[in-house]
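Novice: Chains as they are written, first to last, in numbering that gives the first Met the number 0: chain A, 0 to 65; chain B, 0 to 373. Even glycine gets a Cβ: it sits at the ideal position worked out from N, Cα and C.
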Amino acid sequence: MRYFRVIGLAVAFCMALILSNTFVCQAYEDTQCFQCHTSAKKLIEATREIAKLRPAVKSAETSGEG
Amino acid sequence: MEPLAPHEKIFVDSDIVDDENHGEIACHECHGGNPEDPNWKTAHKGVVKDPTYPDATTACGDCHDEINENYQKSLHVSLRPYKLIIDKRASSNTVIRNKLGCAMNTHCSECHASCGQCHISRPNSVEGGFLDGHLFQKKPPMQEVCTACHGSRIQKEYLGEHEGLLPSIHKKKYMKCDKCHTGEEMHGNGKEYAHRYDVENGPKCVDCHKEIYKREAKNVITHRIHKEKASCHVCHSQPYNNCSACHVGKDKQGLAFFKTKSSWFDFKIGLNPLKSEKRPEKFVTLRHVPADKKTFDFYVKDALSNFDTLPTWKLATPHNIRLKTTQNASCNACHGNESLFLLEKDVEDSEKEANKNVLVPVNLIPKKQKWQPK
Numbered sequence: 000m001r002y003f004r005v006i007g008l009a010v011a012f013c014m015a016l017i018l019s020n021t022f023v024c025q026a027y028e029d030t031q032c033f034q035c036h037t038s039a040k041k042l043i044e045a046t047r048e049i050a051k052l053r054p055a056v057k058s059a060e061t062s063g064e065g
Numbered sequence: 000m001e002p003l004a005p006h007e008k009i010f011v012d013s014d015i016v017d018d019e020n021h022g023e024i025a026c027h028e029c030h031g032g033n034p035e036d037p038n039w040k041t042a043h044k045g046v047v048k049d050p051t052y053p054d055a056t057t058a059c060g061d062c063h064d065e066i067n068e069n070y071q072k073s074l075h076v077s078l079r080p081y082k083l084i085i086d087k088r089a090s091s092n093t094v095i096r097n098k099l100g101c102a103m104n105t106h107c108s109e110c111h112a113s114c115g116q117c118h119i120s121r122p123n124s125v126e127g128g129f130l131d132g133h134l135f136q137k138k139p140p141m142q143e144v145c146t147a148c149h150g151s152r153i154q155k156e157y158l159g160e161h162e163g164l165l166p167s168i169h170k171k172k173y174m175k176c177d178k179c180h181t182g183e184e185m186h187g188n189g190k191e192y193a194h195r196y197d198v199e200n201g202p203k204c205v206d207c208h209k210e211i212y213k214r215e216a217k218n219v220i221t222h223r224i225h226k227e228k229a230s231c232h233v234c235h236s237q238p239y240n241n242c243s244a245c246h247v248g249k250d251k252q253g254l255a256f257f258k259t260k261s262s263w264f265d266f267k268i269g270l271n272p273l274k275s276e277k278r279p280e281k282f283v284t285l286r287h288v289p290a291d292k293k294t295f296d297f298y299v300k301d302a303l304s305n306f307d308t309l310p311t312w313k314l315a316t317p318h319n320i321r322l323k324t325t326q327n328a329s330c331n332a333c334h335g336n337e338s339l340f341l342l343e344k345d346v347e348d349s350e351k352e353a354n355k356n357v358l359v360p361v362n363l364i365p366k367k368q369k370w371q372p373k
């Protein structure tokens with residue numbers, strides 16, 4: 000009987016661990032950051048918008064080996 | 000290296016949630032911003048692109064405490080040798096030094112690494128972008144990280160991309176940078192070094208080639224005779240790239256630029272400017288670096304008024320090693336061969352004083368040999 004109780008406790012502990020991990024991952028995946036940064040379509044749209052607003056970042060005058 | 004498309008740079012692989020070590024850390028915990036905000040423009044307010052630079056303590060330090068402890072002193076992060084060299088060449092005038100400091104912040108401080116810029120993204124100096132969808136790379140990929148910065152010289156030499164020159168024998172053995180340059184070397188050991196060649200756990204050829212001085216080794220006589228006389232590179236390097244006269248400035252739009260005057264292939268043996276217990280050799284290979292008295296003239300004239308305190312031909316360890324080279328084909332391929340040595344006539348008048356300690360006087364060139372080892 001005692002033996003089964005120990006096994007039962009161990010199983011419950013493992014289940015709790017697995018479930019808590021699942022919830023963390025779930026929460027992580029639900030964020031705006033994750034939703035957008037894992038979608039190529041959304042990123043293409045956003046980066047095109049950014050490109051219109053931001054000027055070039057590299058000077059065309061750079062020449063030679065660095 | 001071709002930069003990534005803007006969206007590729009920031010595309011996150013959803014597999015990151017399966018990373019047992021990093022997958023549970025939410026984006027905003029390292030990068031800031033507001034994950035609840037549905038508008039991406041306002042959600043990014045306060046976002047830090049690289050939370051590992053200049054201080055990696057918050058992002059990485061909790062778990063990687065030992066590496067983080069030495070991080071700030073790693074030469075890839077501190078750039079200390081650059082600062083020391085420019086400092087030594089600089090004028091002592093305070094006004095000039097302040098202007099020089101601004102120029103250095105604009106042009107020199109950008110070329111650093113960080114935890115993130117090796118293990119997550121390409122370095123900023125090559126326009127960044129995730130290496131593999133923000134998945135953490137234990138070993139940074141050679142061509143996207145190491146040679147992204149060390150491209151003009153190391154990459155092309157190592158891979159044999161220069162016309163007429165062969166790749167390094169180590170490349171032919173499929174060795175990547177980390178085979179010699181270990182994580183320990185990259186991360187630093189907490190000591191503040193003045194030069195990359197001082198780094199205690201930096202690679203040495205004999206770390207692998209331990210047998211070369213043993214009695215039964217092939218070419219043992221040659222190796223023993225030349226030990227402490229010539230560095231390994233003197234016999235085993237091919238010609239390598241040299242650069243001159245880097246000038247920096249800002250264009251009409253205020254964007255920083257640099258221009259180097261020329262680059263050329265050469266192989267020059269000179270006197271060892273960094274003679275030490277670790278590098279006792281009399282002769283080493285020297286490379287002309289793009290240092291110039293007028294590098295910072297755009298910002299302030301005569302900034303490097305003590306330019307001649309350091310040579311412009313510097314100790315080099317070209318990464319194009321071969322077992323057999325032109326200069327080691329026979330004793331007299333090198334002995335008595337003036338063209339291999341850096342002589343006074345090889346150096347521009349304006350740089351003679353700076354290089355006086357590395358030039359080889361003609362009487363020091365090893366004499367032709369009658370005897371040849373078997």
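Could you spell out the range, first to last residue, of the beta strand (DSSP E) harbouring residue 258 of chain B?
Specialist: What you label residue 258 of chain B is simply residue 259 of the second sequence in a count that begins at 1. Residues 255-265.
Novice: Residue ranges of each alpha helix (DSSP H) run of no fewer than 4 residues wholly in the stretch 103-150 of chain B, ordered along the chain?
Specialist: With a minimum length of 4 residues, the continuous alpha helix (DSSP H) runs that stay inside the stretch 103-150 of chain B are 115-118.
Novice: Where does residue 8 of chain B fall in DSSP's three states?
Specialist: Translated into positions along the second sequence, residue 8 of chain B becomes position 9. Residue 8 of chain B: helix per DSSP, three-state reduction.
Novice: In angstroms, rounded to a whole number, what distance separates the CA positions of residue 56 of chain B and residue 64 of chain B?
Specialist: On the second sequence, residue 56 of chain B is found 57 positions in, with the first residue counted as 1. On the second sequence, residue 64 of chain B is found 65 positions in, with the first residue counted as 1. For residue 56 of chain B and residue 64 of chain B, the distance between alpha carbons rounds to 8 Å.
Novice: Which residue wins for smallest C-alpha separation from residue 312 of chain B, given the options B:71, B:286 and B:321?
Specialist: By one-based count along the second sequence, residue 312 of chain B stands at place 313. The shortest C-alpha separation from residue 312 of chain B is found at B:286.
Novice: In chain B, which residues lie with their C-beta within 9 Å of the C-beta of residue 43 of chain A?
Specialist: Stepping through the first sequence from its first residue, residue 43 of chain A is reached at position 44. The contacting residues are 4, 5 and 6.
Novice: If you draw a straight line from the alpha carbon of residue 27 of chain B to that of residue 114 of chain B, how long is it in whole angstroms?
Specialist: Here residue 27 of chain B refers to the residue found at position 28 of the second sequence. Here residue 114 of chain B refers to the residue found at position 115 of the second sequence. Distance between the alpha carbons of residue 27 of chain B and residue 114 of chain B is about 18 Å.
Novice: Are the beta-carbon atoms of residue 283 of chain B and residue 254 of chain B separated by less than 7 Å?
Specialist: The residue labelled residue 283 of chain B in the question sits at position 284 within the second sequence. The residue labelled residue 254 of chain B in the question sits at position 255 within the second sequence. No, the pair does not count as a contact, with Cβ atoms beyond the cut-off.
Novice: For the alpha helix (DSSP H) containing residue 170 of chain B, name the first residue and the last one.
Specialist: Here the question's residue 170 of chain B lines up with position 171 in the second sequence. Note, residue 170 of chain B: alpha helix (DSSP H), 168-171.
Novice: Against chain A, with Cβ distances strictly below 7 Å, would residue 120 of chain B count as a contact?
Specialist: In the second sequence, counting from the first residue as 1, residue 120 of chain B sits at position 121. Residue 120 of chain B does not count as touching chain A.
Novice: Is it buried or exposed for residue 116 of chain B, if we count other Cβ within 10 angstroms and need 16 for buried?
Specialist: Counting from 1 along the second sequence, the entry for residue 116 of chain B is found at position 117. When all chains shown are included, residue 116 of chain B counts as buried.
Novice: If you follow the alpha helix (DSSP H) that residue 39 of chain B is part of, which residue opens it and which one closes it?
Specialist: Working through the second sequence from its first residue, we reach residue 39 of chain B at position 40. Residues 39-42.
Novice: Assuming residue 300 of chain B is part of the beta strand (DSSP E), what are its boundary residues?
Specialist: One-based indexing of the second sequence puts residue 300 of chain B at position 301. Segment: none, residue 300 of chain B is in no beta strand (DSSP E) and carries neither H nor E.
Novice: Are the stretch 290-309 of chain B and the stretch 85-101 of chain B touching by the rule of at least three beta carbon pairs closer than 8 Å?
Specialist: With a cut-off of 8 Å, the stretch 85-101 of chain B and the stretch 290-309 of chain B count as touching, because enough Cβ pairs lie within range.
Novice: Taking Cβ positions, are residue 3 of chain B and residue 132 of chain B nearer each other than 7 Å?
Specialist: Within the second sequence, the letter at position 4 stands for residue 3 of chain B. Within the second sequence, the letter at position 133 stands for residue 132 of chain B. Not a contact, by the Cβ cut-off of 7 Å.
Novice: Indicate the three-state DSSP secondary structure (helix, strand or coil) for residue 214 of chain B in the structure shown.
Specialist: Reading the second sequence from its first residue, position 215 is the one you call residue 214 of chain B. In the structure shown, residue 214 of chain B sits in coil (DSSP, three-state: anything other than H, G, I, E or B).
Novice: Could you tell me if residue 119 of chain B is buried or exposed, where buried requires 16 or more neighbouring beta carbons within 10 angstroms of its beta carbon?
Specialist: Against the second sequence, residue 119 of chain B aligns to sequence position 120. Classification of residue 119 of chain B: buried, given that the 10 Å Cβ count is 16 or more.
Novice: Is there a Cβ of chain B sitting closer than 7 Å to that of residue 31 of chain A, yes or no?
Specialist: The residue given as residue 31 of chain A occupies position 32 in the first sequence. It does; some Cβ of chain B falls within 7 Å.
Novice: Under 7 Å Cβ-Cβ, which residues of chain A neighbour residue 34 of chain B?
Specialist: Numbered from 1 along the second sequence, position 35 holds the residue referred to as residue 34 of chain B. In chain order: 30, 31 and 32.
Novice: For residue 158 of chain B, which residues from the same chain have a beta carbon less than 7 Å from its beta carbon, with the 5 sequence-adjacent residues on both sides left out?
Specialist: Counting from 1 along the second sequence, the entry for residue 158 of chain B is found at position 159. So the list reads 166 and 170, once near-sequence residues are dropped.
Novice: Taking the Cβ atom as the reference point for each residue, do residue 357 of chain B and residue 248 of chain B lie within a distance shorter than 7 Å?
Specialist: Position 358 of the second sequence, counted from the start, is the residue given in the question as residue 357 of chain B. Position 249 of the second sequence, counted from the start, is the residue given in the question as residue 248 of chain B. Contact flag unset, no.
Novice: For residue 51 of chain A, return the contacting residues in chain B, with the cut-off set at a CB-CB distance below 7 Å.
Specialist: Looking up residue 51 of chain A in the first sequence gives position 52. Result: empty, since nearest Cβ-Cβ is about 12 Å, beyond 7 Å.
Novice: From residue 307 of chain B to residue 97 of chain B, what distance separates their C-alpha atoms?
Specialist: If you number the second sequence from 1, residue 307 of chain B lands on position 308. If you number the second sequence from 1, residue 97 of chain B lands on position 98. Spanning the two alpha carbons is a distance of roughly 21 Å.
Novice: What does residue 42 of chain B reach in chain A if we use C-beta pairs closer than 7 Å?
Specialist: Along the second sequence, one-based indexing puts residue 42 of chain B at 43. In chain order: 31.
Novice: Thinking just about the alpha-carbon of each residue, which of B:326, B:349 and B:71 is nearest to the one in residue 188 of chain B?
Specialist: As a first step, residue 188 of chain B is located in the second sequence; it is residue number 189 there, counting from the start. Of the candidates B:326, B:349 and B:71, the one whose C-alpha sits nearest the C-alpha of residue 188 of chain B is B:71.
Novice: I'd like to know whether the C-beta of residue 9 of chain A is nearer than 7 Å to at least one C-beta of chain B.
Specialist: Counting from one through the first sequence, the residue named residue 9 of chain A turns up at place 10. Taking Cβ atoms only, chain B never reaches closer than 7 Å to residue 9 of chain A, which makes this a no.
Novice: When you compare each of B:91, B:108, B:89 and B:59 to residue 76 of chain B by their alpha carbons, which one comes out closest?
Specialist: On the second sequence, residue 76 of chain B is found 77 positions in, with the first residue counted as 1. Measuring from the Cα of residue 76 of chain B, the nearest candidate turns out to be B:108.
Novice: Whose CA, out of B:266, B:23 and B:321, lies closest to the CA of residue 134 of chain B?
Specialist: The residue you call residue 134 of chain B lines up with position 135 of the second sequence. Measuring from the Cα of residue 134 of chain B, the nearest candidate turns out to be B:23.
Novice: Considering only the alpha carbon of each residue, which of B:303, B:160, B:329 and B:226 lies closest to residue 213 of chain B?
Specialist: Counted from its first residue, the second sequence places residue 213 of chain B at position 214. Measuring from the Cα of residue 213 of chain B, the nearest candidate turns out to be B:226.
Novice: Taking the straight line between their C-alpha atoms, what separation do you get for residue 215 of chain B and residue 198 of chain B?
Specialist: Position 216 of the second sequence holds residue 215 of chain B. Position 199 of the second sequence holds residue 198 of chain B. So the two alpha carbons sit approximately 32 Å from each other.
Novice: Once the 5 residues before and after residue 137 of chain B are set aside, which same chain residues still bring their CB inside 8 Å of it?
Specialist: Taking the first residue of the second sequence as 1, we reach residue 137 of chain B at position 138. Within the same chain, residue 137 of chain B has close Cβ partners 118.
Novice: Starting from residue 242 of chain B and walking both ways along the beta strand (DSSP E), at which residues does that stretch end?
Specialist: The count along the second sequence starts at 1 and reaches residue 242 of chain B at position 243. It spans 239-249 - the beta strand (DSSP E) in which residue 242 of chain B sits, taken as one unbroken run.
Novice: Flag residue 10 of chain B as yes if its beta-carbon sits less than 7 Å from any beta-carbon of chain A, otherwise no.
Specialist: As a first step, residue 10 of chain B is located in the second sequence; it is residue number 11 there, counting from the start. True, the Cβ-Cβ gap to chain A drops below 7 Å.
Novice: Starting from residue 205 of chain B, follow the alpha helix (DSSP H) in both directions and report where the run begins and ends.
Specialist: Here residue 205 of chain B refers to the residue found at position 206 when the second sequence is read from its first residue. Here the alpha helix (DSSP H) through residue 205 of chain B covers 204-207.
Novice: Counting only Cβ pairs nearer than 7 Å, list the residues of chain A close to residue 13 of chain B.
Specialist: The count along the second sequence starts at 1 and reaches residue 13 of chain B at position 14. Here the neighbours are 37.
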